[in-house]
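Count along the sequence shown from 1, add 608, and you get the number used in this note's numbering. Structure first, then comments.
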Amino acid sequence: MNQQEWNIKARSDSCQVCNKTFADDEVFFSRLDFGEGGYGRRDCCAVCWNDAAKKNALSVWKSVYKLPPPPAPEPLKKETAESLLRELMETEDPANRNTIYILAVMLERRRILVERDVQTREDGVKVRVYEHRKTGETFLVPDPGLKLSELKSVQEEVVARLGGRETGQAEVGAAPVESKETP
Numbered sequence: 609m610n611q612q613e614w615n616i617k618a619r620s621d622s623c624q625v626c627n628k629t630f631a632d633d634e635v636f637f638s639r640l641d642f643g644e645g646g647y648g649r650r651d652c653c654a655v656c657w658n659d660a661a662k663k664n665a666l667s668v669w670k671s672v673y674k675l676p677p678p679p680a681p682e683p684l685k686k687e688t689a690e691s692l693l694r695e696l697m698e699t700e701d702p703a704n705r706n707t708i709y710i711l712a713v714m715l716e717r718r719r720i721l722v723e724r725d726v727q728t729r730e731d732g733v734k735v736r737v738y739e740h741r742k743t744g745e746t747f748l749v750p751d752p753g754l755k756l757s758e759l760k761s762v763q764e765e766v767v768a769r770l771g772g773r774e775t776g777q778a779e780v781g782a783a784p785v786e787s788k789e790t791p
């Protein structure tokens with residue numbers, strides 16, 4: 609049995625005769641034929657479509673062009689999370705320790721920061737050593753040892769500080785950040 613791969617391209621955003629970009633809700637016509645390169649699709653606006661365009665086609669159809677939806681905005685901008693982390697680290701306020709830790713973990717998951725080492729200070733506090741992938745900067749982030757029950761409130765605070773929803777209205781379906789354990 610002859611198995612042939614069907615590689616039919618998706619709908620075009622413009623007429624393939626006059627190159628005019630289709631408008632939202634504009635009627636356009638498509639034809640499917642078979643040539644030397646296999647199956648081919650051709651989309652035409654109503655002005656360029658005529659009876660000759662239908663001849664020898666395997667299939668023809670009429671459609672309505674719908675603009676693709678704009679891409680969903682990124683819930684938390686990388687630059688914003690990074691700039692907030694830098695700002696909070698400069699203040700050296702112990703009250704920001706949990707937020708700094710969550711921001712560092714977020715940036716690690718986005719592959720902006722890389723954890724290079726974990727050190728334990730004399731007082732028993734673990735300090736995570738992160739390196740910025742692009743700049744090579746080192747960030748020393750104390751691990752506050754957050755409990756699972758504390759994560760949600762800290763995540764909500766981070767989202768609120770980044771200009772997201774107000775505290776208490778965290779994104780539905782957002783995965784909690786898990787506290788890291790050192791082997």
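Virtual Cβ for every residue (Gly too), placed ideally from N, Cα, C.
I need the straight-line Cα distance from residue i to residue j, nearest angstrom please.
i, j, result
"residue 753", "residue 680", "34 Å"
"residue 721", "residue 712", "7 Å"
"residue 757", "residue 710", "14 Å"
"residue 774", "residue 748", "With a pLDDT of 41 at residue 774, under the threshold of 50, the modelled position of this residue cannot be trusted; read the value that follows with caution. Each residue's Cα considered, the two are about 29 Å apart."
"residue 649", "residue 719", "40 Å"
"residue 765", "residue 771", "10 Å"
"residue 667", "residue 655", "19 Å"
"residue 705", "residue 750", "7 Å"
"residue 635", "residue 663", "20 Å"
"residue 627", "residue 647", "21 Å"
"residue 778", "residue 677", "Low local confidence applies: a pLDDT of 38 at residue 778 is under 50, so the model's placement there is unreliable, and no value is given."
Return the residue from the list the options that minimises the CA-CA distance to residue i.
i, options, result
"residue 633", "755, 621 and 701", "621"
"residue 619", "652, 725 and 701", "652"
"residue 657", "623, 642 and 673", "623"
"residue 631", "743, 641, 768 and 673", "673"
"residue 741", "730, 717, 755 and 759", "717"
"residue 645", "702, 617 and 627", "617"
"residue 744", "688, 735 and 723", "723"
"residue 694", "675, 715, 643 and 678", "715"
Verify whether the separation of the beta carbon atoms of residue i and residue j is less than 8 Å.
i, j, result
"residue 728", "residue 739", "no"
"residue 725", "residue 737", "yes"
"residue 692", "residue 665", "no"
"residue 762", "residue 707", "yes"
In this structure, what does DSSP give as the bridge partners for residue i?
i, result
"residue 645", "None, per the DSSP bridge assignment."
"residue 725", "737"
"residue 630", "DSSP lists no partner for residue 630."
"residue 640", "649 and 667"
"residue 752", "DSSP output for residue 752 lists no bridge partner at all."
Counting only runs that start and end within the stretch 650-705, where is the beta strand (DSSP E) found for 3 or more residues in a row? 667-672
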